[in-house]
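Participant: Got a structure for you, questions after.
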């Protein structure tokens, strides 16, 4: 029995590596073409675009893992069907249910390795990618981040640079603020201190402003400044969460809480990561059940096409519930777990009497 298990494990991982290599090649080519299109009006070396495509590829591959596992499971069974090895295994006492349990176990173990090792590297590469590409983007001169010291905003407008630090966000207001205004040479023009700034629109209304210039200061009951940010933009300026590993996501969540900032997207990302191994198991089980039901069909192309068709359906179902979670139409838990529960229920129905297939 152990020989059969080693044999099946070998087929599974060979199939996974093959699909992973094909996917990586396609993703890299698409990334490279995308970078060429982005930099078509910017004079840079081709090696730089290749390097950016390399850095961004693991992040895209990570998002495709559920579908990589679905196709891997299909390829696994196609290899067994083509050589009639499934029949041989059945006569040897290895039931379909045992093969499926093995697939689920391998998927679960691999999924844990993916979120602990692969995601760690892909998030760091994504972060490096964003740092390299940021100077070439339209929003490269704007920046909004959340740290343990509150909200930090860097804004460039009218040849001036504003650096804003706020302790809290209270509805449409920034609380306990300090603004430093620089000229084009980064010489300090003035510092502004205020306990309350209304950021309802891009013309900020600063209440009870204290303006420091050199060694003196002035008080203003109301002061208005032009910026590129309003409350809506600030509230939607989440960091690219794929560029943060799990530990950084937990730290970001803590910082958001301190700032009274919405943590919905961070919670969604965390739960999505933690539930990935289960998602991979369900995708493998779904693929296995389909393959055992249509094993009499001889066309491997049709089987793979059917897998891709279901991949698209699952992708849009997943994305639909994720959007509901992002817009807070559903709770974070429901938006992530509902697609898994649906897929799990479908698997239970399809895997019924699987040993008779």
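In my numbering, the protein residues as written are 1055 to 1411.
Glycine is no exception: its CB is placed at the ideal position from the N, C-alpha and C atoms.
From a predicted model like this one, the values you see are computed outputs, not experimental measurements.
Does the Cβ-Cβ distance between residue 1297 and residue 1184 come in under 9 Å?
Facilitator: Position 243 of the chain shown, counting from 1, holds the residue named residue 1297. Position 130 of the chain shown, counting from 1, holds the residue named residue 1184. Yes. Within cutoff.
Participant: Just how far apart, CA to CA, sit residue 1094 and residue 1108?
Facilitator: On the chain shown, position 40 is the one that residue 1094 refers to. On the chain shown, position 54 is the one that residue 1108 refers to. When rounded, the distance between both Cα atoms is 18 Å.
Participant: In three-state terms, what does DSSP make of residue 1329?
Facilitator: Against the chain shown, residue 1329 aligns to sequence position 275. Residue state, collapsed to three classes: coil.
Participant: Work out the CA separation of residue 1383 and residue 1267 for me, nearest whole Å.
Facilitator: Translated into the one-based positions of the chain shown, residue 1267 becomes position 213. Translated into the one-based positions of the chain shown, residue 1383 becomes position 329. So the alpha carbons of these two residues sit roughly 48 Å apart.
Participant: Apart from the five residues on each side of it in sequence, which residues of its chain come closer than 8 Å, Cβ to Cβ, to residue 1059?
Facilitator: Your numbering for residue 1059 matches position 5 in the chain shown. Contacts found: 1156.
Participant: Could you give the first and the last residue of the continuous alpha helix (DSSP H) run that contains residue 1412?
Facilitator: As shown, the chain starts at 1055 and ends at 1411. That puts residue 1412 outside it, with no answer to give.
Participant: Does DSSP classify residue 1214 as helix, strand or coil?
Facilitator: Mapped onto the chain shown, residue 1214 falls at position 160. Strand at residue 1214.
Participant: Which residues share a DSSP beta bridge with residue 1250?
Facilitator: For this step, residue 1250 is matched to residue 196 along the chain shown. 1229, 1261, per the DSSP bridge assignment.
Participant: Excluding the 5 residues flanking residue 1249 on each side, which residues of the same chain have their C-beta closer than 8 Å to its C-beta?
Facilitator: Position 195 of the chain shown, counting from 1, holds the residue named residue 1249. 1229, 1230, 1231, 1261, 1262, listed in sequence order.
Participant: Take every Cβ of the stretch 1325-1333, pair it with every Cβ of the stretch 1162-1179, and state whether three or more of those distances are shorter than 8 Å.
Facilitator: Taking 8 Å as the limit for Cβ pairs, the verdict is that the stretch 1162-1179 does touch the stretch 1325-1333.
Participant: Hey, would you say residue 1216 sits closer than 9 Å to residue 1313, going by beta carbons?
Facilitator: As a first step, residue 1216 is located in the chain shown; it is residue number 162 there, counting from the start. As a first step, residue 1313 is located in the chain shown; it is residue number 259 there, counting from the start. No, the pair does not count as a contact, with Cβ atoms beyond the cut-off.
Participant: Just the C-alpha distance for residue 1254 and residue 1319, rounded to the nearest angstrom, thanks.
Facilitator: Here residue 1254 is taken as the residue at index 200 of the chain shown, counted from 1. Here residue 1319 is taken as the residue at index 265 of the chain shown, counted from 1. About 22 Å.
Participant: Ordered along the chain, which non-local residues of its own chain (more than five positions away) have a Cβ less than 7 Å from that of residue 1257?
Facilitator: In the chain shown, the residue the question calls residue 1257 occupies position 203. Excluding positions up to five away in sequence, the list reads 1278, 1280.
Participant: Contact check, residue 1235 vs residue 1214 under 8 Å by CB: the rounded distance?
Facilitator: The sequence position of residue 1235 within the chain shown is 181, counting from 1. The sequence position of residue 1214 within the chain shown is 160, counting from 1. About 6 Å separates the two Cβ atoms, so the contact holds.
Participant: Of all the options 1057, 1135, 1103, which has the alpha carbon lying nearest to the alpha carbon of residue 1083?
Facilitator: Position 29 of the chain shown holds residue 1083. Nearest option by C-alpha distance: 1103.
Participant: Are residue 1265 and residue 1244 touching if we call contact CB-CB under 9 Å?
Facilitator: Position 211 of the chain shown, counting from 1, holds the residue named residue 1265. Position 190 of the chain shown, counting from 1, holds the residue named residue 1244. For residue 1265 and residue 1244, yes; Cβs fall inside 9 Å.
Participant: Hey, could you find the ends of the beta strand (DSSP E) residue 1277 is sitting in?
Facilitator: Taking the chain shown and counting its residues from 1, the one referred to as residue 1277 is at position 223. Here the beta strand (DSSP E) through residue 1277 covers 1270-1280.
Participant: Using 10 angstroms around the beta-carbon of residue 1188, count the other beta-carbons present and answer buried if the total reaches 16, otherwise exposed.
Facilitator: The residue labelled residue 1188 in the question sits at position 134 within the chain shown. The residue is exposed, with fewer than 16 neighbouring Cβ atoms inside 10 Å.
Participant: By alpha-carbon positions, which one of 1269, 1275, 1270, 1271 ends up nearest to residue 1259?
Facilitator: The residue given as residue 1259 occupies position 205 in the chain shown. Selected option, being the one with the closest Cα: 1275.
Participant: For residue 1283, which of helix, strand or coil comes out of DSSP?
Facilitator: Reading the chain shown from its first residue, position 229 is the one you call residue 1283. Three-state result, residue 1283: coil.
Participant: On the DSSP bridge assignment, give the partners of residue 1237 in chain order.
Facilitator: Here residue 1237 corresponds to residue number 183 of the chain shown, with the count starting at 1. Answer is none; residue 1237 lacks a bridge partner.
Participant: Taking 8 Å as the limit between beta carbons, can you name the residues of its chain near residue 1088, skipping five residues before and five after?
Facilitator: Looking up residue 1088 in the chain shown gives position 34. 1107, listed in sequence order.
Participant: Which residue from 1159, 1212, 1218, 1223 puts its Cα closest to that of residue 1237?
Facilitator: Taking the chain shown and counting its residues from 1, one reaches residue 1237 at position 183. Of the listed residues, the one whose Cα sits closest to residue 1237 is 1212.
Participant: For residue 1137, which residues does DSSP report across the bridge?
Facilitator: The count along the chain shown starts at 1 and reaches residue 1137 at position 83. Residue 1137 is not bridged to any residue.
Participant: Skipping 5 residues on each side, what residues in its chain have a beta carbon closer than 8 Å to that of residue 1360?
Facilitator: On the chain shown, position 306 is the one that residue 1360 refers to. Taken in chain order, the residues that qualify are 1344, 1348.
Participant: How long is the line joining the alpha carbons of residue 1406 and residue 1101, rounded to whole angstroms?
Facilitator: For the purposes of this step, residue 1406 is identified with residue 352 of the chain shown, where counting begins at 1. For the purposes of this step, residue 1101 is identified with residue 47 of the chain shown, where counting begins at 1. Looking at the two C-alpha atoms, the distance is approximately 53 Å.
Participant: For residue 1076 versus residue 1118, is the C-beta spacing smaller than 9 Å?
Facilitator: Within the chain shown, numbered from 1, the residue matching residue 1076 stands at position 22. Within the chain shown, numbered from 1, the residue matching residue 1118 stands at position 64. Going by C-beta atoms, residue 1076 is not nearer than 9 Å to residue 1118.
Participant: Taking the C-alpha atoms as reference points, what is the distance between residue 1209 and residue 1069?
Facilitator: Taking the first residue of the chain shown as position 1, residue 1209 is located at position 155. Taking the first residue of the chain shown as position 1, residue 1069 is located at position 15. Cα to Cα, the separation comes out at about 49 Å.
Participant: Check whether the Cβ atoms of residue 1325 and residue 1368 lie closer than 9 Å to each other.
Facilitator: Looking up residue 1325 in the chain shown gives position 271. Looking up residue 1368 in the chain shown gives position 314. Contact: no.
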